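Here is the structure we will look at, set down as structure tokens.
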Amino acid sequence: MTYELQILIISAASIGFVHTLLGPDHYLPFIMIGKAREWKISKIIGLTVLCGIGHILTSVIVGLIGIGLEMQVEKLNWFESFRGNLAAWALIAFGLLYALWGIRRIYKKHTHKTIDIDEKSKNVTPWILFIIFALGPCEPLIPILMYPAAMESLSALVMVTSVFGVVTLLTMTGAVLAVSYGLSFVNLRRFENLGHPIAGFVIFLSGLAIQVLGL
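Residue numbering for the sequence shown follows our numbering, starting at 642 and increasing by one per position.
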């Protein structure tokens, strides 16, 4: 293993950890939706891992296509930036709509329509989150890690990409577990009826943080 490859692997692990931890969109949506819907932690982690894989895999595919076609990294950066904006606005819209749905649910709590709305949203919500995360790029993966690794060798490309992906998934699940565990000690009974609106508002703020602050 060359010195350059060692640096790339260390960078992949470091960037995967820091990039994920500083991006609230990587874990807050799962925590808040899971809390509002009273999901078991296994279901929350399962959705987190599924969305995380989609999030990473789409950037890997884009990077491999760019490398295979010998595209300039600037062109891929433009495309990834476009995907990032699209995903951020999608998260903002989803959070806002989910909050409004939660408010509507409160007013219809004692009608049969509430049951119908709940059943539909239970089936749709995980898929919406997956699509949003699949749209969202791993910004540092292609220009900082994949392109330099590809210049080393194919095995280096696989190794560096794998390290980044594994660390990103572990950080996502670790953050979800830690925050969910911490929330289990907080008495939130007084906000029980507001769980869905609060979840939507937090997701809305997560998307806004990406779009405005670039997190």
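Don't be surprised by glycine CBs; every beta carbon is placed ideally from N, CA and C.
Model, not experiment: these values are computed from the prediction.
N- and C-terminal bounds of the alpha helix (DSSP H) containing residue i
i      : result
Cys692 : 682 to 709
Thr661 : 644 to 663
Met673 : 669 to 678
Pro789 : 788 to 793
Burial state of residue i, where buried means 16 or more other Cβ atoms lie within 10 Å
i      : result
Lys676 : buried
Ala819 : exposed
Ile851 : buried
Tyr822 : exposed
Phe845 : buried
Leu649 : buried
Tyr748 : exposed
Ile682 : exposed
Phe805 : buried
Phe774 : buried
Leu824 : exposed
Ile651 : exposed
Leu770 : buried
Leu710 : exposed
Leu717 : buried
Ile685 : buried
Where residue i sits in the DSSP three-state scheme
i      : result
Ser821 : helix
Pro838 : helix
Gln713 : coil
Lys749 : coil
Phe720 : helix
Asn726 : helix
Val853 : helix
Pro767 : helix
Gly806 : helix
Pro778 : coil
Val827 : coil
Sub-8 Å separation of residue i and residue j beta-carbons
i      : j      : result
Ile708 : Ala791 : yes
Met813 : Tyr668 : yes
Tyr788 : Val701 : no
Gly777 : Phe842 : no
Ile848 : Leu732 : As written in the sequence, residue 848 is Gly, which differs from the Ile given in the question. For Gly848 and Leu732, yes; Cβs fall inside 8 Å.
Val690 : Leu854 : no
Arg772 : Glu721 : The displayed chain sequence assigns Ile, not Arg, to residue 772. Not in contact: Ile772 and Glu721 (Cβ atoms no closer than 8 Å).
Leu786 : Ala653 : yes
Pro838 : Gly743 : yes
Glu780 : Gly725 : yes
Ala816 : Leu662 : yes
Thr766 : Ile674 : yes
Gly657 : Val808 : yes
Glu793 : Leu646 : yes
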